[in-house]
Amino acid sequence: MPPPPTPATELVVKEADLAAPAGQAVTVRLPEAVNAALLPISAADLVGDRALVVSGGKMAVTFNKASLESLKALIPADQREGAKIRFAAIKVSAPDTANRVQAAAGSGSLALAVGSEVYDFGLSVVKRDGTEIPATAFDEPLTLTLEADPNADRSLLGIYHIASDGKIDYAGGAWENGKLIARISHFSTYAALSYEKRFADVGPEHWASEAIRRLAARHVVEGIGESAFAPGGLVTRAEFAAMLARGLGLSPRAEGDSRFKDVDASKWYADAVRAASEAGIATGRIDGRFAPAERITREEMAVMIVRAYEWKKGVKLPAEGDAAFEDRAAISSWAKAAVRAAEQRGLIDGRGQGRFEPQGRMTRAEGAKLIAGLLDA
1 MPPPPTPATE LVVKEADLAA PAGQAVTVRL PEAVNAALLP ISAADLVGDR ALVVSGGKMA
61 VTFNKASLES LKALIPADQR EGAKIRFAAI KVSAPDTANR VQAAAGSGSL ALAVGSEVYD
121 FGLSVVKRDG TEIPATAFDE PLTLTLEADP NADRSLLGIY HIASDGKIDY AGGAWENGKL
181 IARISHFSTY AALSYEKRFA DVGPEHWASE AIRRLAARHV VEGIGESAFA PGGLVTRAEF
241 AAMLARGLGL SPRAEGDSRF KDVDASKWYA DAVRAASEAG IATGRIDGRF APAERITREE
301 MAVMIVRAYE WKKGVKLPAE GDAAFEDRAA ISSWAKAAVR AAEQRGLIDG RGQGRFEPQG
361 RMTRAEGAKL IAGLLDA
């Protein structure tokens with residue numbers, strides 16, 4: 001009696017399988033124990049402007065037409081007959097991954113835990129003769145969706161690329177329909193990780209501790225050195241623009257010179273300032289400077305946080321009358337409407353005794369609290 005056939009580990013997708021009603025995504029589901037799909041090289045033409053979703057287990061990857069076109073372009077047109085796009089998603093041991101990433105992080109102030117299945121992804125084009133051309137980086141990002149552990153703290157979870165040595169790189173972590181999603185520009189090993197950074201100078205009793213904890217997990221705020229946050233430290237205009245850009249997921253639309261004469265393209269904050277400027281959130285001085293190194297004032301912060309809210313929501317905030325703060329007369333004329341709008345929406349707080357202190361400098365803890373509130377709004 002012959003042995004039973006070995007189950008196929010690849011799903012061969014035919015052209016007819018990529019048909020779907022207009023306006024609906026085309027879905028390819030990998031059966032259990034199948035970890036790869038072979039798609040027609042003509043997938044871009046067949047799918048058109050619809051999304052192509054390849055899913056299996058507790059993951060899904062979404063391709064758009066541009067990403068499929070870039071894969072097709074990996075081989076010359078006269079060699080495409082019989083060629084395939086190969087997508088692979090191989091499950092990796094979660095305990096081994098957890099040990100590797102924690103070992104790489106060390107035993108200091110960072111606690112990491114795996115919060116989903118771990119997958120090693122691969123993408124390539126296979127010619128008819130079997131020659132395989134890997135797609136090492138994507139001109140058009142793909143969308144990765146992971147189902148996270150329902151018992152994990154959602155506020156600490158994000159999607160990470162995990163290198164062979166255990167070092168991690170944050171890819172993103174927006175929640176959509178109860179699942180984590182991130183845009184990725186290359187394949188390798190990915191998982192949802194719980195990222196908890198403990199700062200020695202921010203105890204659980206600190207009024208901004210939860211905001212700092214959450215934003216550190218999203219890599220919106222960073223510490224000072226290995227284990228300090230310096231909650232009372234002051235924030236520069238460049239630092240606040242960078243915090244907003246990271247929190248909102250902003251990136252500049254195209255490379256180029258800054259619109260501000262004092263923002264050098266080589267500086268760490270240049271892309272963030274340009275992205276915030278393109279979004280209408282960050283503006284400069286009358287003389288064309290951005291003044292990146294100046295400490296941001298609380299009224300400047302209010303103006304930027306209102307613009308960020310308007311960008312996020314796609315609305316214009318009305319602001320009627322004066323703010324209710326006792327020192328409202330000290331608010332500069334150009335900031336009065338923003339302070340009032342931010343107060344009405346609960347985006348800003350005073351500093352006690354009914355005072356706003358518009359010319360006061362914003363602290364790192366205040367910045368974290370503000371951005372956490374903006375992201376929750």
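Numbering (full-length UniProt numbering), first residue to last: 1 to 377.
The beta carbon of each residue, even a glycine, is placed where N, CA and C say it ideally should be.
Shown here, M304 sits in a helix according to DSSP, grouped into three states. A check of alpha carbon separations from L215 across V101, E366, A73 identifies E366 as the nearest. With the rule of 3 Cβ pairs closer than 8 Å, the stretch 232-243 does not count as touching the stretch 186-196. Just so you know, the alpha carbons of G373 and V34 end up roughly 43 Å apart. Excluding residues up to 5 positions away in sequence, R298 lie with their Cβ nearer than 6 Å to the Cβ of G360 in the same chain. Bridge partners of P40 according to DSSP: K84. If the five residues before and after V13 are omitted, its C-beta is found closer than 6 Å to the C-beta atoms of V28, A37, L39, all from its own chain and listed in chain order.
Between G321 and the set A16, G108, R340, D153, the nearest pair of CA atoms involves R340. Judged by beta-carbon spacing, A94 lies within the 8 Å limit of V118, meaning their Cβ atoms are closer than that value.
In the three-state reduction of the DSSP assignment, S55 falls in the strand class. Ranked by Cα distance from N151, the first of P134, G48, G178, F138 is G178. DSSP links P134 through a beta bridge to S124.
Going by C-alpha positions, E222 is about 10 Å away from R364. Under the three-pair Cβ rule at 8 Å, the stretch 141-148 counts as touching the stretch 165-180. DSSP, reduced to helix, strand and coil, places F63 within a strand of the structure shown. Take L74, set aside five residues on each side of it, and the residues of its chain with a beta-carbon closer than 7 Å to its own are V125, I133, A135, in chain order. Judged by their CB atoms, A174 and A368 are not nearer to each other than the 8 Å cut-off. Distance from the Cα of V303 is smallest, within the candidate group L370, A270, R253, for L370. Apart from the 5 residues on each side of it in sequence, D376 has no Cβ closer than 8 Å to any other Cβ in its chain.
DSSP places E210 inside the alpha helix (DSSP H), whose first and last residues are 209-217.
Residue A293 holds the alpha-carbon nearest to the alpha-carbon of A238 among S258, A293, F260, I41. Judged by pairs of C-beta atoms under 8 Å, the stretch 262-279 does not touch the stretch 322-332, as fewer than three such pairs exist. Secondary structure note for L30: it is in no alpha helix (DSSP H), with a DSSP letter that is neither H nor E.
Relative to the Cα of K91, the nearest Cα in the group F121, V114, K84 belongs to F121. Beta-bridge pairing by DSSP links T9 to no other residue. Bounds of the beta strand (DSSP E) holding I181 are 179-184.
For V339, the enclosing alpha helix (DSSP H) covers residues 336-344.
The closest CA to that of V26, considering only I41, L11, G48, E32, is found on G48. The closest CA to that of S116, considering only A275, L123, D78, L156, is found on L156. In this structure, DSSP gives A330 a helical state, which the three-state scheme calls helix. For V220 against R246, the beta-carbon gap comes to about 5 Å, under 8 Å, which counts as contact. Between E310 and A279, the alpha-carbon positions lie close to 10 Å from each other.
Under DSSP, H206 shares a beta bridge with no residue.
For L110, the pairing in a beta bridge is given by DSSP as K197. A Cβ-Cβ distance of about 11 Å is found for the pair I296 and L244, leaving them out of contact under the 8 Å criterion.
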